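K.L.:
Protein chains in written order, with our numbering: chain A, 2 to 410; chain B, 260 to 669. Pasting a structure here, questions to come.
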Amino acid sequence: MVERKKPLSGVRILELGPYVALPLTGRILASLGAEVIKVETNKVLDEMNFIPAWSRGGGQPEFQRAKKRVTIDVRTPGGLEVFKELVKVSDVFMSNFRRNILDRWGVDFPELRRLRQDIIIMWQTGLGGIGPYYTYKSYGILVQHMGGVSLMSGEEGEPPATINTSYSDYHTGVFQPVAIMGALLRRGLTGQPATMESSIFKSGAVTAGPSLLDYQSTGRLPERIGNRDRFASPHGVYQCLGEDRWCAIAVQTEDQWVDFCKAIGNPNWCSEDSFSTMTARLENQNRLDDLVGGWTLTRTAEDVMECLQGVGVPASVVSQGKDLNESLHLKARGFYQKTPYYLADRGNPAYDWEQFEGIASANPPKMSETPMDFGHYSNIGEDNDYVFKEILGMSQSDVDKLTENQSLY
Amino acid sequence: MPFQAPAEGVLLPPYRVLDLTGPEGVFCGKLLADYGAEVIKVEPPTGDVTRQRPPFISDVPGIERSSYFLFYNTNKKSVTVDLETSEGQVVFKKLAASADVLIESFPVNYMQSLGLDYDSLRQVNPGLIMASITPFGQTGPWKDYKSTDLISLAASGFMQITGDPDGPPLRQGNEQSHFPGAQHAATAIMGALFYRDMQDGRGQYIDVSMQEAMITYYTDAHPALAYIQRGENVTRVGTNSTLVIPLGAYPSKDGWISAGIITPREWENLSNWMFEVTGNEEILNEDYKGGNQDRAPYNDIITALVIDFTTRFTSEELFHQGQERNLVFIPVNTVSDLLVDPQLDASNFWFDIDHADAGNLKYPLGVFDSEEVTPTTNPAPYLGQDNEVIFGELGLDEAELASLRTRGVI
C-alpha cells in the first residue's frame with residue numbers, strides 16, 4: 002500500500018538553532034509532513050532542555066516532536082563535512098544563530114548556495130539580521146517590550162505589562178512556515194530560490210499596525226485601559242470564590258445587558274438610571290464593577306461562566322493550568338496528547354537522558370483531508386542512523402569514526 | 260482556478276481568497292494579501308462593521324478612514340454581497356466556484372444556515388480550501404459559547420499569567436487574541452494549497468479554535484503540564500521575575516528599559532559594570548554570583564541596586580552600551596519609537612501606501628525581508644470597489660448588476 006501523501010511530503014528541511022521561534026517553525030512544517038532534521042550537539046545543548054517551568058525539558062515536545070534529531074558538532078571539521086552533505090540534499094535551511102557565528106563555522110549564505118543552488122534560506126534573529134543591531138544579542142521574553150504591545154497593556158502610568166512567557170517568539174514561529182511554504186511553492190513554479198530574514202522584533206511590531214497609523218495621523222499614543230473597553234461595560238475580570246479565581250465578563254450590547262440582569266436575578270441596581278444605557282454604564286463603571294464583583298464573589302468562576310453563557314453573555318473563567326488540563330471542551334477536541342520527554346542530568350557529561358511521560362498540545366488547525374501529525378518525539382541523536390546511513394549513505398565505520406572523535410556526538 | 264506562477268518579486272501565486280472574517284480572522288487574509296494572493300473581502304452592502312471603528316484618520320469619521328480597517332485590509336479587494344438573501348447566495352456560490360480559499364469567522368453553523376457550508380460549496384468547487392476561525396472551534400461543549408477579545412484571553416489562560424501577582428489577571432492590549440488563530444489558519448491554508456497543487460491533492464476544510472491557538476502561544480510557560488507535574492498553577496509574576504534576577508523592566512532616566520541576566524558570565528559583566536558606575540561594592544558579593552536562579556533569595560536588595568544603576572542612563576544608552584559588554588538590555592518602545600527605529604528602517608519593514616482618503620502613511624508590512632520577494636502595497640479597498648470587475652468576470656452583465664444593486668443584494 003502506498004502511504005498517503007501529506008502536504009509537504011518530499012520536502013526536507015535542515016534546522017539549526019535553539020529556543021522557541023525557530024524550533025516551533027520546524028515543528029509545524031514537520032507536522033505538515035516535511036522531513037525536518039534538527040541538528041544539535043550533546044556538547045552545546047539547547048537551553049530549553051533546562052527551563053525550570055517545564056521541570057527541565059517537559060515542554061520540549063511542543064517544539065521538537067515530529068522531527069529527526071541528529072547530533073552533529075558543526076564546529077569540528079568532520080562534523081562540518083557531514084553537515085554540508087545534508088545541505089546538498091535539503092530544500093530549506095533555517096537557522097537563528099547570529100550570522101557571524103554561521104560565518105565562523107564556514108556555513109555562510111554563499112557557501113550554502115554553492116552546495117545547493119536552489120536552497121531556500123530562512124534566517125531568523127531576535128532584533129534583525131541586517132541593519133545597526135545586526136550583531137546584537139537578545140532574549141525573546143524581553144523583545145516583547147520592543148514591539149510596542151507592553152505599553153498598550155495595563156494601566157496608564159504603571160510599569161509595562163509583561164506576559165510571563167517568551168510571547169513574541171510565537172508570532173515569529175508561526176509567521177515563518179507561511180513564508181517557507183510560499184517560497185517552496187514559488188520555487189516549484191519558477192525555479193527561483195529565496196533568502197528570507199525575519200526577526201522577533203519585526204514580528205511583534207507588525208501587530209501594532211492600527212496604532213501606528215493612528216499615531217502618524219493624530220500624534221496620539223495608544224491608551225492603556227487595563228481590562229476595560231472603550232465601548233462596553235461591564236467589561237473586566239471579577240473575583241470569584243476560591244484562591245486566585247476570576248471570571249471575565251464582557252457585556253457589549255443593550256440586549257446583552259438585559260440578559261445579564263435577568264441571569265443574575267435582576268437585583269435592584271440593574272434598574273437604576275445610572276446603568277440604563279451603555280453610555281451611562283461607561284460613565285458609572287467604577288460603581289458598576291463593584292456591584293458586579295459583589296455578585297461574582299460569592300460564586301465559583303465556573304458557575305458565573307455557565308450562568309452568563311447560558312443566556313448568551315460572553316464570559317469565561319480565567320483558565321489556570323488545572324482548568325486547561327481538566328477541560329471537557331479541550332478533551333472532546335483531543336487537544337492535549339501524551340508524549341514522552343527526556344530529562345538529562347546537566348552535571349553528568351555523558352547525558353544519560355531519562356524518559357518520562359508528559360503532555361503536549363495538538364496542532365490547532367484541524368485539517369479534514371490531511372490531519373497534521375502529532376508526531377513522535379525523538380530523543381537527542383535518536384535518528385542519527387537513519388540520517389547518516391539512509392539519507393547520506395555513510396558506512397557504519399565512517400559513522401563510528403566520526404562519533405569517536407566527537408564530530409557526531 | 261488555473262494555477263499561475265507568482266509575479267516577479269512576489270512570494271505567492273495570485274490565489275483567489277474570499278475573506279469573510281471579522282476581527283477574529285482578518286489578519287489571516289491580510290498575511291496572504293501582503294504576500295501576493297488575490298484576497299477579496301466579501302462585505303455586506305452596508306460595509307464591514309470595522310469600517311465604523313474609531314480612531315479615524317485625523318479624527319474625521321468615515322467608512323474609508325478607520326485606522327483599524329485600513330491596516331487589516333491593505334492589499335485586499337472588496338465586493339459586496341448580502342449573504343442572507345437567496346440571490347446573494349447564488350452570486351456568492353459563483354464567486355466561491357472561482358476561488359482557491361475561503362476564510363470565515365462566523366458563529367458555528369451560520370454558514371450552514373445560509374447553505375454556504377463547506378459540504379455545499381465543495382459541490383461547486385472540489386478544490387476549495389475553507390478555513391473557519393472561531394473562539395472555541397466547530398466541535399465540543401463550548402462551541403457555541405460567546406466570546407470577545409477579553410473572553411478569549413481569559414479562556415486560553417493568557418490573562419492568568421499577565422500582570423502583577425497582587426492584582427487581577429490582566430488583558431494584553433492590542434487585541435492579541437486575534438493573532439494566534441489567524442496565523443495558525445494561514446499555515447494550514449498554505450499547507451492545504453501545497454497539498455492540492457504540488458501533491459495532486461484535493462481541497463479541504465480547516466477548523467481553527469482561537470482558544471487552542473492561543474494556548475500554543477505560551478507553551479514555554481505550559482500551565483497544563485506544570486499542573487500535572489507539580490500540582491502548581493502557573494500565575495502572574497508582574498513586570499519582574501522573582502526567580503531570575505534581574506529579569507524584567509526597570510526605570511531608566513527617560514522611560515523603561517528591560518533587562519535579562521541569564522548566564523553566570525552575564526552576571527559577572529553586569530555586576531562589574533554596576534560597580535564601575537555606582538562604586539557600590541555590595542553588588543560584587545560572592546553570594547550573588549552564579550546561574551540565573553542563584554540570586555532569587557536576594558531579589559529585593561539586587562533589584563534596588565539594579566534600579567540605582569539603570570536610572571543613571573537613558574534607555575538607548577543601556578541598550579547599546581550593554582551590547583558592548585555582551586549584556587541584553589532592550590528598550591520598552593511605544594509606537595512613536597518604532598517609527599524612528601533605525602533597525603526597522605534598515606530592514607525593509609515600512610512601506611508607503613497612498614490612500615485617497617487616508618493620505619500617504621507608513622505601513623508595517625515587512626514581516627520578512629528578502630531580496631527576491633517584497634510585500635505588495637495596495638491601499639485598503641473602498642466599499643464594493645471591485646464589484647463590476649469581479650462579478651463581471653463571473654458572467655453577470657450590466658443589467659443584472661444594476662438590478663442586484665437596486666434591490667440591495669450587492
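Yeah, the Cβ is synthetic: ideal placement off N, Cα and C, and Gly gets one too. Remember, predicted model here, so these are calculated numbers, not experimental data.
1. Below 7 Å on C-beta distance, what does Gly347(B) contact in chain A?
2. Using the three-state DSSP reduction, which class does Ile649(B) fall into: helix, strand or coil?
3. Which one of Val503(B), Phe315(B), Gln348(B), Asp459(B) has the shortest CA to CA distance from Gly618(B)?
4. Opposite Phe588(B) in the DSSP bridges: which residues?
5. Spatial neighbours of Val587(B) within its chain, please: C-beta separation below 6 Å, excluding the five flanking residues on both sides.
6. Strictly by DSSP, which residues pair up with Met197(A)?
7. Can you find a CB in chain A that lies within less than 8 Å of the CB of Gln382(B)?
8. Quick check: what's the CA-CA separation for Gln431(B) versus Thr173(A)?
9. Going by beta carbon distance, what residues of the same chain come within less than 6 Å of Ser468(B), once the five residues before and after it are set aside?
10. Quick check: what's the CA-CA separation for Ala605(B) versus Asp628(B)?
11. What distance in whole Å lies between the Cβ atoms of Val75(A) and Phe84(A), which are believed to be in contact at a cut-off of 8 Å?
12. Ignore the nearest five residues each way along the sequence and tell me which others in Val12(A)'s own chain have a CB closer than 8 Å to its CB.
13. For the stretch 227-298 of chain A, which segments carrying the alpha helix (DSSP H) assignment without a break, of at least 4 residues, lie completely within its bounds, in sequence order?
14. Would you please verify whether the beta carbon of Val259(A) is less than 8 Å from any beta carbon of chain B?
15. Met95(A) to Ile122(A), Cα distance in whole Å?
16. Considering Gly130(A), what are the terminal residues of the beta strand (DSSP E) in which it resides?
17. Can you tell me whether DSSP reads His377(A) as helix, strand or coil?
18. Comparing alpha-carbon positions, which option in Glu159(A), Leu298(A), Asp256(A) lies nearest Val314(A)?
19. Going by beta carbon distance, what residues of the same chain come within less than 7 Å of Thr573(B), once the five residues before and after it are set aside?
20. What residues are listed by DSSP as bridge partners for Phe315(B)?
21. Please report the distance separating the alpha-carbon of Arg5(A) from that of Leu152(A).
22. Could you give the first and the last residue of the continuous beta strand (DSSP E) run that contains Glu355(A)?
23. Strictly under 8 Å for the Cβ-Cβ distance: is Glu16(A) near chain B by that measure?
24. Determine the direct distance from the alpha carbon of Phe610(B) to that of Pro427(B), and round the result to whole angstroms.
25. If the criterion is Cβ atoms closer than 8 Å, does the pair Ile560(B) and Ile360(A) meet it?
26. For the beta strand (DSSP E) containing Leu507(B), name the first residue and the last one.
27. What residues from chain B crowd round His236(A), counting only those whose CB sits closer than 9 Å?
28. Please determine, among Asp459(B), Gln435(B), Ala445(B), Ala447(B), the residue with the shortest C-alpha to C-alpha distance to Tyr477(B).
29. Less than 7 Å between C-beta atoms, sequence neighbours within five positions excluded: which residues of the same chain meet that for Val305(A)?
30. Please state whether DSSP places Met260(B) in a helix, a strand or coil.
31. With DSSP as the reference, identify every bridge partner of Ile388(B), one or two as the case may be.
32. Buried or exposed for Asp165(A), going by 16 or more other Cβ atoms inside 10 Å?
33. Please tell me whether Gly460(B) has its Cβ less than 8 Å away from any Cβ of chain A.
34. Could you pull the start and end residues of the beta strand (DSSP E) that His614(B) belongs to?
35. Report the residue ranges of all alpha helix (DSSP H) runs contained in full by the stretch 277-318 of chain B; include only those spanning at least 4 residues, in chain order.
36. Is there a Cβ from chain B that is less than 8 Å from the Cβ of Ala333(A)?
P.N.:
On the basis of the data shown:
1. Neighbours of Gly347(B) on chain A: none; closest Cβ ~25 Å, over 7 Å.
2. Residue state, collapsed to three classes: helix.
3. Distances from the CA of Gly618(B) to each of Val503(B), Phe315(B), Gln348(B), Asp459(B) were compared; the closest alpha carbon is that of Phe315(B).
4. Within the DSSP bridge table, the entry for Phe588(B) names Ala518(B) as partners.
5. For Val587(B), where only same-chain residues beyond five positions count, the Cβ hits under 6 Å are Gly519.
6. The partner list for Met197(A) (beta bridge, DSSP) reads Met123(A), Ser629(B).
7. No, its Cβ sits nowhere closer than 8 Å to a Cβ of chain A.
8. Gln431(B) and Thr173(A) have their C-alpha atoms some 18 Å from each other.
9. Excluding sequence neighbours, Ser468(B) sits near Phe395, Gly396.
10. Ala605(B) and Asp628(B): Cα-Cα distance of roughly 10 Å.
11. Contact holds; Cβ gap of about 5 Å.
12. Close CB contacts of Val12(A) within its chain, under the 8 Å cut and outside five residues either way in sequence, are with Leu30, Gly34, Ala35, Glu36, Asp92, Val93, Leu185 (chain order).
13. Look at the stretch 227-298 of chain A and you find these whole runs of alpha helix (DSSP H), each 4 residues long or longer: 255-264, 279-284, 286-297.
14. Chain B, which has no Cβ nearer than 8 Å to the Cβ of Val259(A), makes this no.
15. Cα to Cα, Met95(A) sits roughly 6 Å from Ile122(A).
16. Element bounds for Gly130(A): n/a, residue is neither H nor E.
17. If DSSP states are grouped into helix, strand and coil, His377(A) belongs with coil.
18. Measuring C-alpha to C-alpha distances from Val314(A) to each of Glu159(A), Leu298(A), Asp256(A) identifies Asp256(A) as the nearest.
19. Cβ-Cβ distances below 7 Å link Thr573(B) to Ser511, Lys512, Asp513 in the same chain, with the five nearest sequence neighbours on each side left out; the list follows chain order.
20. Its beta-bridge partners are Ser325(B).
21. Taking the straight line from one Cα to the other gives about 48 Å.
22. Following the DSSP letters along the chain, one finds Glu355(A) inside the beta strand (DSSP E) bounded by residues 355-362.
23. Closer than 8 Å: no.
24. Here the alpha carbon of Pro427(B) sits roughly 39 Å from the alpha carbon of Phe610(B).
25. In this structure, Ile360(A) does not lie closer than 8 Å to Ile560(B) by Cβ.
26. According to the sequence displayed, residue 507(B) carries Gly and not Leu. Where Gly507(B) is concerned, the enclosing beta strand (DSSP E) starts and stops at 506-511.
27. Within chain B, the residues near His236(A) are Thr407, Leu409.
28. That would be Gln435(B), whose Cα lies nearest to the Cα of Tyr477(B).
29. Cys241, Cys248, Thr297, Ala316.
30. Unreliable positioning characterises Met260(B) in this predicted model, as indicated by a pLDDT of 48, which lies under 50. The coordinate reading is nonetheless provided below. In the structure shown, Met260(B) sits in coil (DSSP, three-state: anything other than H, G, I, E or B).
31. In DSSP, Ile388(B) forms a bridge with Val360(B), Gln463(B).
32. At residue 165(A) the sequence reads Asn, which differs from the Asp that was named. A residue is called buried once 16 or more other Cβ atoms fall within 10 Å of its Cβ, and Asn165(A) is buried on that count.
33. When Cβ-Cβ separations below 8 Å define contact, Gly460(B) makes contact with chain A.
34. Bounds of the beta strand (DSSP E) holding His614(B) are 609-614.
35. Complete alpha helix (DSSP H) runs here, min 4: 285-293.
36. Yes, contact with chain B.
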